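Residue numbers (the numbering used here), protein chains in the order written: chain Y, 1 to 666; chain H, 667 to 890.
And the structure:
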């Protein structure tokens, strides 16, 4: 058996080869309490961590070894209570009900204990083995809370471990104690005391207690927790946990009497009592002392003030695009120079005399790599640094707050701003993020708008092509045209789509100053996706293209589309090929254009108007393959085809209009 | 004519005028009280003479302010008795109704007030209808001070209040309660934009809500 382990509980200690079945641990908690940071620290799996509720919308799994046990860790989207309403919350509940993790680590935010305890008390009721990770204890102390962890543990009746997930503090202890709850640990390991405490049970109003008794009289072997879920009308839960759900729901439907005496539905009585209990527990475990107002609170106030909020938002956006343009543009020219001087020119010189097919394959491949490095990294990297700052400081929910009123005009509300701003980074996660919206209608409108949003790959085309070779304001005018298109689309869908509307309700996380280390790490994490996925396609695709071109096949294809591209849009014939590649990945339209044009200095081969029209069409016509796929997954193939078809028509109309207007004016 | 008969008539007329949203017809009253129309007409003339009701031929009967006050008083007695019989003594609701019909005419104000206090001044009777507000009931009771509540959207930045009534769909109420916004919860408005979007703090958490929602949450204001 295990022997070597010392008091240092290292997550990497793999000592037991004949380990039993793996343990599944689920991280459950309110949104934005630090579950993802916790998960990341625990498993080493890089996941997105931000400062707004709803960062994680999918169930994420990871594995690790601890004291010889194989452990699966599951990071669940945040839930406020066991009654789920949005897609992401439903996914969490479905997991808890169907998959039944062996043990739950309930991550709670120490800065807002009472609110978080509502879920904790519900989890305690349903008899899932659990420990509580009291996260962000450092922030709570800064806010003037003095926390008595032992008292909290005594009140709740389950282990409570103070943690600071973002810095990895307390993570191992929490893991250790979570395992201890369900498996006896080897004797030579620290034992945190497996004394069986009675789990905290909320004492409800007499009428509720009577109702619980009545259900148990009818169905004897039913647990108290199930009765309470049934009284709260949580059908999904009952169906997942009971053999005879109908019978249980029937038994729980008796309480009109209670509702009448209290003048409120029994559900409200239960929730009120539970919050009451949570408040009492907080008072027992917390002492509050006044702390002086912080500087950041003043900043926060200005950011959302009626007078300064919107102007600041507008300036921030403008500064962001200007910086992407400046920094990106500078780096682009710099990288192209290096490539031409030290790679392309010497290589073409050495290849003279080799078979033209091979030369084409190699040179096209190198041009593809050049385009990737020179175009993608500068623009996408710079953009993501800004986006990460907005996410991590908690600015995104503040933007949602500021713009709520205007979003109502589109039949949406402020919450939809978050996916839309994320869409400027990449449409794929933005579309997935729309799961945090409450109704199907809101999701369709938001997703259609996101699909039209110029993502960072499209920013590469706008800034890298128009910005660099035509000018900053010409590039901004494309953003403006597209913003108008997005708003018009939203407005029309908002008018046309029937359906329910749920108002704006969103938790506002505290504002934090940005942590540069976290932001750089996150930007790199996202860039990696582009580099690993895009570069191989780009290099191989370019090489193949070189061969196809050498064989004369491209000309045939381009001739077919000549009427539209040359006649109507006024573009070079090879633009058609670039657009085809752009469906794979948007920025590839530009990279392939560079390959086909034989240079990344586009102004040598295209007129400014051609450049402008190319960028306009390239950024509007169908979103990239990944986006199309994710729309299909979220909204079904019918909506996917509709949205894609709509964008193709739109791009040709807008592009053609720009072409003719340009020809007439210039 | 006995007090009991007057009370029965007034109660019935109140019920019928509410139901009709207009005057009560003579034959309706006869039907409800299981009496012959001529005897009802006779009684109506007497009640009209005492100033309890107003009778317009071919139109029907309406209550005068005096009659209305009296009718509401009886109705409240009935509901309180019924609530007591059902909730405290656990009697069958149907039986409790018949019993209350008899008792409502003889019970004294003193006993009734004690009963009301004993049950914690209930606001809803077993049929699900609101019970009128009595003199014994605390002024905080919603029926009395409903008009004192203002929508959350009318609180100013920095002002505090207590959530009292949330008149929104079940779904939205669930969402609000899971985030900590429930009746009797103390709140403070932290931010407010000119166009109405506001954020409130409760249980150490800040929650932003749109105007459409804030205007349907009634609060009791405590000022700044």
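Glycine included, each C-beta is placed from N, C-alpha and C at the ideal position.
The structure displayed is predicted, hence computed values, not measured ones.
- Per DSSP, reduced to three states, the secondary structure at residue 688 (chain H) is coil, with no helix or strand assignment.
- Annotation: residue 766 (chain H) to residue 741 (chain H) spans about 10 Å, alpha carbon to alpha carbon.
- The alpha carbon of residue 54 (chain Y) has as its nearest neighbour, out of Y:354, Y:287, Y:666, Y:509, the alpha carbon of Y:509.
- In this chain, the beta strand (DSSP E) harbouring residue 719 (chain H) covers 719 to 722.
- Residue pairing by DSSP puts residue 24 (chain Y) in a beta bridge opposite Y:72.
- Check the Cα spacing between residue 202 (chain Y) and each of Y:273, Y:142, Y:178: the tightest is with Y:273.
- The criterion of a C-beta distance shorter than 8 Å is satisfied by residue 863 (chain H) and residue 404 (chain Y).
- A Cβ-Cβ contact shorter than 8 Å links residue 856 (chain H) with residue 867 (chain H).
- As DSSP reads the structure, residue 727 (chain H) sits in a beta bridge with H:690, H:721.
- For residue 842 (chain H), the residues of chain Y that pass the 7 Å Cβ criterion are 505, in the order they occur in the chain.
- Cβ neighbours of residue 252 (chain Y) within its own chain (closer than 6 Å, five residues either side excluded): 215, 230, 231.
- Taking a contact as a CB-CB distance under 8 Å, the pair residue 384 (chain Y) and residue 328 (chain Y) does not count as one, their CB atoms being some 11 Å apart.
- Under the criterion of beta carbons closer than 8 Å, residue 596 (chain Y) and residue 577 (chain Y) qualify as touching, at roughly 6 Å.
- Not a single CB atom of chain Y sits nearer than 8 Å to the CB of residue 855 (chain H).
- Using a Cβ-Cβ cut-off of 8 Å, residue 871 (chain H) counts as an interface residue toward chain Y, since at least one Cβ of chain Y sits closer than that to its own.
- Within chain H, the residues placing a beta-carbon under 9 Å from that of residue 414 (chain Y) are 863, 874, 876, ordered along the chain.
- In the DSSP assignment, residue 237 (chain Y) falls within the alpha helix (DSSP H) that extends over 235 to 241.
- In terms of Cβ geometry, residue 666 (chain Y) and residue 609 (chain Y) form a close pair [threshold 8 Å].
- Here residue 436 (chain Y) is buried, its C-beta having at least 16 other C-beta atoms within 10 Å.
- From the beta-carbon of residue 272 (chain Y), the residues of chain H found nearer than 8 Å are 848, 849, 850.
- According to the DSSP assignment, residue 454 (chain Y) belongs to no alpha helix (DSSP H), since it is labelled neither H nor E.
- In terms of CA proximity to residue 345 (chain Y), Y:367 leads the group Y:98, Y:367, Y:644, Y:332.
- In the three-state reduction of the DSSP assignment, residue 342 (chain Y) falls in the helix class.
- The contact set of residue 401 (chain Y) on chain H, defined by CB atoms closer than 8 Å, consists of 857, 859, 863, 865, 874 in chain order.
- Look at residue 621 (chain Y) here: in three-state DSSP terms it is coil, with no helix or strand label.
- A contact between stretches requires three or more CB pairs, one per stretch, nearer than 8 Å, and the segment 821 to 836 of chain H fails this requirement with the segment 278 to 290 of chain Y.
- Counted as a single uninterrupted DSSP element, the alpha helix (DSSP H) harbouring residue 278 (chain Y) occupies residues 266 to 285.
- The distance from the Cβ of residue 461 (chain Y) to that of residue 590 (chain Y) is about 5 Å, consistent with a contact at the 8 Å cut-off.
- As summarised for the segment 41 to 100 of chain Y, the continuous beta strand (DSSP E) elements at least 3 residues long and confined to that stretch are 60 to 66, 69 to 75, given in chain order.
- In the three-state scheme derived from DSSP, where H, G and I count as helix and E and B as strand, residue 565 (chain Y) is classed as helix.
- Inter-segment contact for the segment 73 to 88 of chain Y and the segment 433 to 452 of chain Y is present: three or more beta-carbon pairs are separated by less than 8 Å.
- Here residue 864 (chain H) is bridged, per DSSP, to H:858, H:875.
- Residues of the segment 295 to 306 of chain Y with a C-beta atom less than 7 Å from some C-beta of chain H are 304, 306, listed in chain order.
- The C-beta of residue 795 (chain H) has fewer than 16 other C-beta atoms within 10 Å across all chains shown, which makes the residue exposed.
- When DSSP reads this structure, residue 817 (chain H) sits in a beta bridge with H:884.
- Counting C-beta pairs with one atom in each stretch, the segment 739 to 755 of chain H and the segment 777 to 789 of chain H have three or more that are closer than 8 Å, which means they touch.
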